[in-house]
Structure formats: structure tokens, C-alpha cells
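All the letters of the sequence shown, read from the start, carry residue numbers -9 to 490 under the working numbering.
Glycine included, every Cβ here is placed at the ideal spot set by N, Cα and C.
These numbers come from a predicted model, not from an experiment.
Below is one structure, written out as C-alpha cells, with a few remarks after it.
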Amino acid sequence: MSVTPSVTHAQWQQRASQLSFETRAYLNGEFVPAASGETFASINPATGNTLANIVCCGAVEAETAVAHARAAFESGDWSRLAPAARKRTLLALADLIAEHQQELALLDTLDMGKPIGSALGDVASAIECLRYTAESLDKLYGQVAPTGDDALGLIVREPLGVVVSIVPWNFPLMMTIWKIAPALATGNSVILKPSEKSSLSALRLAQLVAETAIPKGVFQVLPGFGADVGKALALSMQVDAIAFTGSTQVGKLLTQYAGQSNLKRTFLECGGKNPNIVFEDCADLPSVAHQAAAAIFHNQGEVCIAGSRLLVHNRIREPFVRALCEAAKNMQPGDPLDPQSFMGAIVDQEQYDKIAGYIELGAQQGAHRETIEAQSSDLPDGLFIPPTVFNDVTPDMAIATEEIFGPVLAVMGFDDEEEAIALANDSDYGLAAGLWSQDVNRVIRVARRLQSGQVYINNWAGPDMTMPFGGVKQSGNGRDKSLQTLGEYTETKSIWLAIH
Ligand code: NAD
């Protein structure tokens, strides 16, 4: 979702220059430094300037936070509070976020480079998620089992206990709310570990939580590196679940940590290499091409559900790619604080180098790089990469199989439906897939056979909160959004009462 802001470029720049940042960890209701005294720099990728030095938590803070989270959980002040009361508090938090939505969007834009219009859309989506989840939580019932007359079998759902949410940097506030809303709603204590590349909105969120009736220790934020504080949390014997969004590589580590410790639940939302299939009978070729371009270039391609593999029927491939490149001309990167920018800056030098490396590799491996003539060839100084389209890609090329997480599209042709399905499913990932056709029989037939957690027909990325979001195969096993998440953060208990 992208929101057109009424604030001008100059006004955003002025606001950015006046911002102050919370940089400390939020532990048991207090903002505190790390025991080690260490910090790490948050750098604006659009300018290279250091925004703030953030407290770098480690194993000490992890242990302390887990103890507070456990104590808060056992106290029952939140975990056993009536659902209607938890709902009121979470709705109050949603109102506070709404009051500060422009500031929160600005923090994400400065921290990780996304355009301000997209960041505003993310915050709006986060608020919608929190309100949807809060509104649902007092409408869930348990069950009575069909036992004989001599018993009463109650099937109830209870919170898991201490939940650690580990989130990535590409949608910092939105991913955070997707995780913490259902976890808090169902009565758990939550420790949030934001990405070291985007901690600022998480810490501002902690300030807002501190203004609500959420008890101390129920929500805590530990900024720091994954291999330190993240790993310590994941190995803790006192943590009941890890809700993770991030790379497949780290997702695999988390399942290992769970096995090495207390077999905590791990809900994983990992990477994707998502096929977007365009059949020869798609409607309105220029419009579909425009949407296919947006599916990969939105958020600089730093999107788990980016439509990064475009499979086009060979009969229309050339005109389709021409129309897509035409659309991409207007999707150039620009200053993230300029409301007109379609793409912003790449999150950091490491990610920039990774994307640039794949662009080089694509050409070396024989793919054809299409020319996309931008109105101006000047990119701002900073970590900016223009929309990049490779045609004549073959399934064995690295750009066809590996998640690049940048504005790079791999186009492959196919001759019939079977070939399209085989190409689409030829991936370790299974997060999202799209298909474009006017044949209602075909779209259902193909949708059923795609190995993917989500299938978009004649659209890309339906944003509704009512649909579960998550993947299959190595894209993970968790689901965000929808009522399904409330089940994920609770445990079933069977209570058997013998009747004499
Ligand atoms: P990442 O896996 O590098 O990091 C994600 C989080 O894990 C960060 O907070 C990081 O500090 C933490 N972490 C890293 N190593 C850790 C360890 N050893 N123990 C515990 N925590 C650790 O991912 P990223 O670069 O932040 O994000 C990009 C990835 O996220 C992409 O692969 C993308 O597809 C994926 N993603 C998936 C979804 C989804 O819903 N499926 C959504 C957004 C992003």
C-alpha cells in the first residue's frame, strides 16, 4: 500500500532535521543503556549520515528481559486480563500510533531508505492490523467436546507464555505490528528484537506502549545484532516461542536453536523467489505490464513477495517486456523524502553490493539486460539502484533461483500451461505467486497446482487483513494476518471433568 502524502518534500526534509530519536533498550518499562555500554550506528542510506547511536543489547539484556517477561506473564496482569480489557488497551495503542503516524513513517524512511509515501502506507497497514486483531480477540470461543454423559470436555486456548519476535528491516514497523499484535492480543509477554538496520520506529513504538495500560514487562524491545542478542533469546530455556520474519538462512538457524534448547515453537516467515505468470490471454497488456513492474520495483525490490521471476507466454513476451520497461521508466529511485519518488535507497552498503553482484552475474551468465531509459540518468548520491530487467533468463541462472532482494527482474518465456507451472514450482521457495489470464478455468486450475502460500489472480499482493500471509517450502511455516494468527500464539488445553 502506498499513501500520497499531503506534506511536501521540503517539509519532510525540515521535519527530518528536527527529529530526536530514542536510542535505548526498553526493559521492564524503563529505557536503559546496555550493560556493556556498547552502541551501534544507525545510518541513513540515502545520505550516508549517522542518524543515531543505538544501544547494543547482548546476552545480559536477553536474560534480564526474559526474566521480566516471565514474571509479567505469571502475574496474570495481562495474560489473565479479560479479553475485552486487553482489546481496549490495544485499541488505545492503535490510536496513539495513528496520532504519530507521520513521525513513525519518517523514522522508517530515514532508517532504511524507503520512500515516504510507501512508509506512510506501511504505518496505515500496521494500524489496520492492530485494530483488526484487537477487535477480534473478544470474539473467540472455546469448544465443548462431544464426550459421553459422564464427562464434560472443555477445549480451551491459552497464551504460549514468553514470545520473542525477531523482525527484518524492509517493513520495520509493519512487520513488527504483524508479529506483536496477535501475540499481545492473546495474552503473551513479548520481547521484540528489531533488525539492527532499522531500530528507530521500534523504539518510538516502545515510547507509545509506555503511555498505555500495557503492564511493565509485557512488551520489551532489545535492539542489537542477531548473532548476539537474537541468538541468546532464541536459545533461552524460558522463551516459549520465536515468531520470526527474515531470511531462510537465519530461519534455519532458529529451528536449530529451538532443538538445542527447549523445543520452543518457531514460526518462520522467510524468503521468496516469486513467480508472476502472464498468459497470452491476459487482459489489457500495458496495464498488466505496469502491475508486473510495480510487483518487483515496489520498495526497491526489497520485498519478500516481490514478483522477481516473470514468466511470460512466448507469443507475447517481446511486446510485454517492452511495455514493462516503459512502465519502469517512471519507477526510478529518488530522494526517499520526496513524495514523488517511486523507489528510495537500498538499505545499506552490504545489500547494495549484493544486488550489484547479481546484476553483474546476470550479464556474465548470458541473460539479456533490457534498456530502460529514465527521464534523467542522474541518480542521487547514495545507495540507489535503478530498475533492472533481464530477459532470456534460463532456470539454471543464479538470477532465476536466488533471492536478490533488490530491483532486479528475471524474465523467462514459456510455451504452454504445463511448462509455466513447472517453471513456477521449480524453486526452493513457495511464498507468493501471481497469474494473469481471463480464462476462469485456467486461473483456478493453475492456482491449485502452484506450490505457494499465496496466489494472486489478476492482481499482485492483495493487501487485505482478512487473508493469512505466509509461505510453504523454504519460505517458512508461519502465518501473519487474519484470525489464523490468534491460533498460532495460543496453545490448546483439554480439560476433562468426570461427572458422577
Ligand atoms: P535476516 O534473516 O538477515 O535478519 C532478520 C532478523 O533476524 C534481524 O532482526 C536479525 O538481526 C535477526 N538475526 C540474524 N541472525 C540471527 C541469529 N543468528 N539469531 C537470531 N536472530 C538473528 O533478514 P533481513 O536481511 O533482515 O530481511 C530480509 C529477509 O527477510 C529476506 O529474505 C526476505 O524475503 C525476508 N522477509 C520475509 C517476509 C515474509 O513474510 N515471508 C517478510 C519480509 C522479509
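query: Taking the C-alpha atoms as reference points, what is the distance between Lys242 and Gly216?
result: 13 Å
task: Could you have a look at Pro73 and say whether DSSP puts it in helix, strand or coil?
output: helix
- request: At 4 residues or longer, and completely inside the stretch 268 to 293: list those alpha helix (DSSP H) runs for me, N to C.
  value: 275 to 287
task: Please name the residue in Pro105, Leu81, Lys344 whose C-alpha comes closest to that of Leu127.
output: Leu81
field: Best match in Val146, Glu408, Lys263 for proximity to Phe394 [C-alpha to C-alpha]
entry: The sequence given here places Ile at residue 394; Phe does not occur at that position. For the residues Val146, Glu408, Lys263, the minimum Cα distance to Ile394 belongs to Lys263.
task: Check the DSSP bridge columns for Asp470 and list the partner residues they point to.
output: Phe459
- prompt: Distance, Cα to Cα, Ala171 vs Ile117?
  reply: 10 Å
field: For Met387, the three-state DSSP class (helix, strand or coil)
entry: coil
query: Would you say Ala357 and Phe380 are within 8 Å of each other, going by their C-beta atoms?
result: yes
- prompt: Among residues of its own chain, excluding the 5 on either side of Ala31, which ones have a beta-carbon nearer than 7 Å to its beta-carbon?
  reply: Thr40, Asn43
query: Within the chosen definition, does the stretch 162 to 182 reach the stretch 119 to 136 through at least 3 CB pairs nearer than 8 Å?
result: yes
- prompt: Taking 7 Å as the cut-off, does the CB of Cys260 come closer than this to any heavy atom belonging to ligand 1?
  reply: yes
- prompt: Cβ of Lys227 within 7 Å of any heavy atom in ligand 1?
  reply: A small correction: the amino acid at residue 227 is Met; Lys does not occupy that position in the sequence shown. No, since every heavy atom of ligand 1 falls outside the 7 Å radius drawn around the Cβ of Met227.
task: Just list the beta strand (DSSP E) runs in the stretch 27 to 97, keeping only unbroken ones of 3 residues or longer that don't cross its boundaries, in chain order.
output: 29 to 33, 40 to 45
- request: Flag this pair as yes or no: are the beta carbons of Thr29 and Cys47 separated by less than 8 Å?
  value: no
- request: Classify Lys254 as helix, strand or coil using the three-state DSSP reduction.
  value: coil
field: At least three beta-carbon pairs within less than 8 Å, the stretch 415 to 429 to the stretch 461 to 475
entry: yes
message: Pop quiz: Asn467 and Phe404 are said to be a contact at Cβ under 8 Å. What is the actual Cβ separation, rounded to whole angstroms?
response: Going by Cβ atoms, the distance from Asn467 to Phe404 rounds to 30 Å, so no, they are not a contact pair.
field: Cα-Cα separation, Ala231 to Gln250
entry: 14 Å
message: What does the alpha-carbon distance come out to for the pair Val146 and Ala135?
response: 10 Å
query: So, is Ser69 buried or exposed, given that buried needs 16 or more other C-beta atoms within 10 angstroms?
result: buried
field: At least 3 beta-carbon pairs within less than 8 Å: the stretch 199 to 212 vs the stretch 87 to 94
entry: no
- request: Verify the contact flag: Trp159, CB atom, against every heavy atom of ligand 1, threshold strictly below 7 Å.
  value: yes
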